[in-house]
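For the sequence shown, the tail end lands on 204 under our numbering, and the numbers increase by one without skipping. I have placed the structure first, in the form of structure tokens, so that the comments after it can refer back to it.
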Amino acid sequence: MTRLLSLFAIFALIAGPAGAQEKMAAVSPKAPAPAGEELSTTSVMPVKKNRAVVKASQNLRAGTVLHSSDLFVEEGDASALDLFVGMELKRSVYKDKILSLNDVGAPTVVARNAIVQLEFVRGPLMITTEGRALDAGAVGETVRVMNLNSKIILTAVITGPNKAVTQ
Numbered sequence: 038m039t040r041l042l043s044l045f046a047i048f049a050l051i052a053g054p055a056g057a058q059e060k061m062a063a064v065s066p067k068a069p070a071p072a073g074e075e076l077s078t079t080s081v082m083p084v085k086k087n088r089a090v091v092k093a094s095q096n097l098r099a100g101t102v103l104h105s106s107d108l109f110v111e112e113g114d115a116s117a118l119d120l121f122v123g124m125e126l127k128r129s130v131y132k133d134k135i136l137s138l139n140d141v142g143a144p145t146v147v148a149r150n151a152i153v154q155l156e157f158v159r160g161p162l163m164i165t166t167e168g169r170a171l172d173a174g175a176v177g178e179t180v181r182v183m184n185l186n187s188k189i190i191l192t193a194v195i196t197g198p199n200k201a202v203t204q
């Protein structure tokens, strides 16, 4: 039987309690293999096959909402474009550069310094007023909003274009 030395075993050996160190000594590279067994330091890792490579078809600026004409798939499944279309670029990307999901995010629906409809809802009570967004954000993100009447800064969750709800 072949024993595998994994990263978990090494971590347990280094950081684990004393009991774990004694148990792991059997698979340590310095310790001899138990009688009749062979010691292997091979790790098993999954291999990604047919990984799609999505590239920019033109220079794209940060803040651009992506369309299918802005991108192309160099290799892999063409349905990978669906992950990027409709998303907003977080940074500028040059033509023929590979895009990753870290380069995109949900589209911004509230711009910084935009006037937003601010709602406070508690049970049957609902108060609506206007505020100025101090941060930009997408639906579901928390931003700071200044109430224009009282000048108090609140935190609110963006619910739609120029709309936010505070607790």
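Ideal placement from N, C-alpha and C gives every residue a C-beta, glycine not left out.
Would the beta-carbon of A117 fall within 9 Å of that of V91?
yes
For R149, which option in G197, L138, R169, F157 has the closest C-alpha, if you only look at C-alpha atoms?
R169
Starting from T205, follow the beta strand (DSSP E) in both directions and report where the run begins and ends.
In the structure as shown, the chain starts at 38 and stops at 204, and residue 205 therefore has no counterpart that could be examined.
Can you tell me where the beta strand (DSSP E) holding L162 begins and where it ends?
162-170
How big is the Cα-Cα spacing for Q154 and S187?
15 Å
Should A99 go down as buried or exposed, given a rule of 16 or more other Cβ atoms within 10 Å for buried?
exposed
Give me the DSSP bridge partner(s) of G174.
V147
Could you give the DSSP three-state label for A193: helix, strand or coil?
strand
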